[in-house]
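> I have a structure I would like to understand better, so I am pasting it below and will then ask my questions one at a time.
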Amino acid sequence: MQQRPDGLANLTAGEPPQPLSHVTARAAVVSGSAEVVTRVLTVVLAIVTARVLEPVEVGLLGLSVIVIGVVSMLGFYAETAAIAARGEEGEIQYAFAAAGIRAAILAGSLGLIWLTFSAIARYLTGNDDSAGPLRELLLVLAWMPALELLSGYPQVMMQRRLELSFIARLQILQPVLFVTLAVVLLVTGYGYIGVAWANIASSAAVALLLWWRLVSSGAALWTGWPSRRVWRETLRGTTKVLIGGFGGYLSGRLDNLLVASAIGPAAMSFYSMAWNASRTPANVFAKAINFVLVPTLARIQDDPSRVQRALRECVRNSYLLLSPACAILFVTAPLLVSYVIGPKWLPLVPALRVMCFTVLAVPIVFTSGALLVGTGRAHLTAVATSVHLAALFIAIPLLSGRWGILGAAYADCLAVALLTLTLGATAWFATRQIGLPILKTAVVPLLAALSSGCLAFLLTSSIQSDVLRFSLGGCFTAIGYLLIVAVLGGRGRLVNLLQLLLTLARRSPMSAELQT
């Protein structure tokens, strides 16, 4: 396997060297595209599932996915630790150590579920008649973490070498395979068990492709057992990522339960729908940031100037793209909700508009988190997630009880603001890398988005035609945003971003495959 001058391994012999910024940015674009595809297909599958299955079956499927999802998430932390490890040993040693730790977590978690299944089923369903179907689903979905364990070995090796684009393309392929097969099995009468088997089949296909890529690249698959230092470093890193990350994983699911407890399940459904809609554009960037920035920072953490440049470009480009998306969503929210999911969901619009401001914190949150994880300080994120959880526990019951769904949205905004401040401060004190010069790159996009959104809202508020108001609102916001950014001195940033995107489009793996 050839090596690039900057240490990045080529997947194909004779491939010309590429700058690190292009390698990582291209992978970020593909990974972000994968997140868009995944979320669109999730909506499609949700519609088909709701039409074909009974509500109790949909509920059982969701419960089983949550239970197995916890097992998968616990195992995933070992891989993250192995990717971010700084040791001089080869990728194979870290990949094997991550696989060993994940296998132990998998065995312990599934064993615990098996021993306590009766109590789990009674707590989750409250109905003994549902225990049988839930057990059936769990037995099928238990293959998911096993297949993820099999996929983890080649993924750790590839990500430590920054061979990111192939993995990012698989992130597009897997949901396409899963949803296509699930829809076919649903409409042909296989029910919820067909959805479970579709998930298994798509994961198995991805595992086979990862191993095929690794073997065909000519890389060595085994060079000996990991040293004790590798085991200790990976285990210590896993513990740090677990401490820092599991609270965030929990906080992403806790607010729905608190809203339901405070103002009822119907209000919770409005809150949840607004939350998912507002987070869709933000999570695209979060996915790309996590996927690319963690291994990149782990690789260049000893070069402060390169770290600063990577963080600055990540924050700047994220806000240049995310800010107008949030502004357009704010302006078009009523018509978008009415035409996409129906007029009965219009009560969620005020909450959705508040959340359009909330999600603007996402690039700072995930960049700070990636900096801590990539530099071996993942456990420090627990400070911010603890603050976030405490804020949710206090603010949601208090504010939603007074102002309903809108109060819940204010509580979410307050909790995310505290999360951002705490995580940003933690990252600064721990690394001295992310500071005001980097954060200032977000000022121009935010001012431009706020100004263009307000102008578009005022200009279109008196238009009677829904279609015309929707179209002009989006167009005025987008055009106004570009003009205001240019006036505020950001023209060069837009040009650089456009050039980067065009370069990535010309040199993307997909374009190359089409040309060949």
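Numbering follows this note's numbering, with no gaps: position 96 of the sequence shown is 79.
Each residue gets a CB set at the ideal place from its N, CA and C atoms; glycine is no exception.
#1: For G457, does the three-state DSSP call read helix, strand or coil?
#2: If I follow the unbroken alpha helix (DSSP H) through I388, where does it start and stop?
#3: Just how far apart, CA to CA, sit E40 and M127?
#4: Could you give the distance in angstroms between the alpha-carbon of D(-11) and the alpha-carbon of S321?
#5: Going by Cα to Cα distance, which pick from G475, D238, Q157 is closest to I377?
#6: So what does DSSP say about Q482, is it helix, strand or coil?
#7: Enumerate in chain order the residues of its own chain whose CB-to-CB distance from F340 is below 7 Å, with the five nearest sequence positions on each side excluded.
#8: When the distance is taken between beta carbons, is L124 closer than 8 Å to S200?
#9: What residue from Q291, P326, L355 has the CA that sits closest to F412's CA?
#10: Just to confirm before moving on: does the CB-CB distance between E461 and I311 stay below 8 Å?
#11: Which whole-angstrom value is the C-beta distance of L169 and V162, which I expect to be below 8 Å?
#12: Taking Cβ positions, are T221 and A64 nearer each other than 8 Å?
#13: Do P209 and F514 count as a contact pair if the criterion is CB distance below 8 Å?
#14: Should L98 be labelled buried (16 or more other beta-carbon atoms within 10 Å of its own) or exposed?
#15: With distances taken from CA atoms, which of R118, P278, L160 is nearest L140?
#16: Would you kindly check if the distance between the Cβ of L160 and the Cβ of A188 is under 8 Å?
#17: Out of curiosity, what's the CA-to-CA distance linking R360 and L442?
#18: For T77, which of helix, strand or coil comes out of DSSP?
#19: Using DSSP with H/G/I as helix, E/B as strand and the rest coil, what is W205?
#20: Helix or strand or just coil, what does DSSP make of D449?
#21: Alpha carbon to alpha carbon, how far is M338 from A398? Give it in angstroms, no decimals.
The structure says:
#1: helix
#2: 364 to 414
#3: 20 Å
#4: Unreliable placement is indicated for D(-11), whose pLDDT of 38 sits below 50; the coordinate value is still reported in the next sentence. If I take the Cα positions, the gap works out to 51 Å.
#5: D238
#6: helix
#7: C396
#8: no
#9: L355
#10: The sequence given here places Ala at residue 461; Glu does not occur at that position. The answer is yes: Cβ separation under 8 Å.
#11: Contact flag wrong, Cβ pair sits at about 10 Å.
#12: yes
#13: Past the edges of the chain, shown from -16 to 499, lies residue 514, and the structure says nothing about it.
#14: exposed
#15: Correcting the residue identity first, residue 140 is Met in this sequence and not Leu. For M140, the nearest C-alpha among the options comes from P278.
#16: yes
#17: 48 Å
#18: Correcting the residue type first, residue 77 is Tyr in the shown sequence and not Thr. Correct three-state label for Y77: helix.
#19: coil
#20: helix
#21: 12 Å
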